[in-house]
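The structure under discussion appears below in the form of structure tokens.
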DNA sequence: CGGTCGATTGACACCTTTCAATACGGGTGG
DNA sequence: CCACCCGTATTGAAAGGTGTCAATCGACCG
């Protein structure tokens, strides 16, 4: 059965900012139901203007764009709390595709009511803008990584971010978390070849800083990893959840 | 003297969506004045939460992030109509810095009134979200470029985008437009070295597709350029202007 | 006229990609 | 139950795009 927004456990994770009671009640009215999908299921398509609007509740996925020559750029990794479909709602079409990598359950909202956010509940409209800004902020950091860091630093940065995200979502147990992606996915996210990604991951493993194998990420030394990634280990910015 | 929003010529350029009369009047109330800055002037600083909120009226600038080791990633090129300071307004701090590259004039808004957008004028709040989504969309395309394209294709793509932008802003005359950046700026935007950028630009010039020298960009064959860039030449998405 | 900044070039080093081959685990049909 | 297939992970070697180093040149400026 679909969980009531009032009881949504995800909302209380430290990554998210608190919602006022009336905001929660407001959201409940838009929640049409829940959707459970298997790995590999396409959720949103680039260029489309699908009426779906989701918040990921559990499981992971990928945002990506395909080039004409078959290359793929992974834009971001989708984790619980992520809001999907905003671009289509405001711009008229998605700039990227989204698909599930693991089994996922999603909160489904009625997009035909999208406008009510702005008309009837300003604070939720503000949060929508906030969410878009957070995404923009993160893409900027990703751009720095892909553009300026070496392969090893890139991979360290990516694993660190995924781990930090996991921690704030309470997905980490004993310094490790499930990470249901292929090496190819990470390679496509960082603009690296699969082979080089594989070898860099091996180096990381040997250095005892972090290891990712069998769909599970272990981070042994977060600070040293951050140093290798040429970044600070400060926590991710908190964000609203829809 | 500061131009009245009602007479703002920029707003009518084809890049922007129309505003209703009451929206224009609403914006006029937030316009504190205009600011003219010289090349090199910092406008916003990464990590700061400055109270400034601008819309570029003329001139060009850069959004960028600096790494600890001195490297720089240019996030985007600022052109007329761009809204600056949104991230700080919603997230509490800027994720990147912004500085003027040429002489610029900016429309200055009172940020303390930022909330009124959401509270008093839903359609303008919607446009704010729209703007953030456009930025996210563009950053996604940039990521594709930096991550997947070769140097020559990257540069072709960047020049093409700048040119398309220029056309829609009515900055193009005789297939050319002013482009007041250094080669280093483009290199930092694409994650390339200055030397390699220079050599790739020379190739482009020799190929007769486009040439950029003396702060001026000429595009001789837009379609061929798009082909080299492995992209289609479809126009940029229209966006709201604040 | 010396000094600085940006644009150019040539040579060379090297990080990353590409090509190939092997290994391993899971699913499937004989 | 086992052979076979397929997707993913690994490795080694070689090719190549891109970065780094250095020097030159022209334009602008105090």
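Chains as they are written, first to last, in the numbering used here: chain R, 7 to 248; chain Y, 7 to 248. The C-beta atom is built at its ideal place from N, Cα and C for all residues, glycine as well.
Beta-carbon gap between residue 70/Y and residue 91/Y smaller than 8 Å: no
Sub-8 Å separation of residue 138/Y and residue 49/Y beta-carbons: no
Bridge-paired residues (DSSP) for residue 40/Y: 113/Y
C-alpha gap between residue 94/Y and residue 166/R, whole angstroms: 25 Å
Collapsed DSSP secondary structure at residue 71/Y in the structure displayed: strand
Amino acids of chain Y, ordered along the chain, whose beta-carbon sits closer than 7 Å to that of residue 243/R: 97
Residues near residue 101/Y in its chain [Cβ-Cβ closer than 6 Å; skip 5 each side]: 93
Touching by the beta-carbon criterion (3+ pairs, under 8 Å), the region 191-207 of chain R and the region 109-119 of chain R: no
Rounded separation between residue 207/R and residue 222/R - CA only: 13 Å
is_contact[residue 119/Y, chain R] using C-beta, thresh 8 Å: no
Residue 215/Y - partner residues in DSSP beta bridges: Answer is none; residue 215/Y lacks a bridge partner.
Runs of alpha helix (DSSP H) wholly within the region 184-229 of chain Y (minimum 4 residues, chain order): 189-196 and 200-212
Straight-line gap, residue 78/Y to residue 194/Y (C-alpha atoms, nearest Å): 6 Å
Under 7 Å by beta carbon: chain Y residues contacting residue 141/R: 142
Residues that residue 82/Y bridges to, as DSSP identifies them: 69/Y
Between the CA atoms of residue 155/R and residue 185/R - distance to the nearest angstrom: 23 Å
Cutoff 8 Å: residue 156/Y Cβ touching any chain R Cβ: no
Cα-Cα separation between residue 24/R and residue 67/Y, rounded to whole angstroms: 37 Å
Per DSSP, the bridge partner or partners of residue 58/R: 116/R
Selection from 86/Y, 96/Y and 147/Y that minimises the alpha carbon distance to residue 171/Y: 86/Y
Complete beta strand (DSSP E) runs within the region 149-190 of chain R (minimum length 3 residues, chain order): 182-184
CA-to-CA distance, residue 149/Y to residue 240/R, given in whole angstroms: 24 Å
C-alpha distance - residue 142/Y paired with residue 246/R, whole-angstrom precision: 17 Å
C-beta atoms of residue 8/R and residue 40/R nearer than 8 Å: yes
Cβ pair residue 109/Y, residue 44/Y closer than 8 Å: yes
Run of the alpha helix (DSSP H) containing residue 92/R, from where it starts to where it stops: 92-97
Within-8 Å CB hit, residue 61/R to chain Y: no
Integer-rounded CB distance, given that residue 163/Y should sit under 8 Å from residue 237/Y: 6 Å
Alpha-carbon spacing of residue 37/R relative to residue 58/R, whole angstroms: 11 Å
Proximity test, Cβ basis, 8 Å: residue 81/Y and chain R: yes
Beta-carbon proximity list for residue 144/R, same chain, < 6 Å, skipping 5 on both sides: none
Interface flag, residue 203/Y vs chain R, CB-CB below 8 Å: no
Close beta carbons around residue 232/Y, own chain, < 7 Å, minus the five adjacent residues each side: 166, 238 and 239
Under 8 Å by beta carbon: chain Y residues contacting residue 75/R: 236
Euclidean distance between Cα positions of residue 249/Y and residue 131/R: This structure does not reach residue 249/Y, given that chain Y is present from 7 up to 248, and the question cannot be answered.
Sequence-distant residues of the same chain with beta carbon closer than 7 Å to residue 224/R, five excluded per side: 181, 182, 216 and 217
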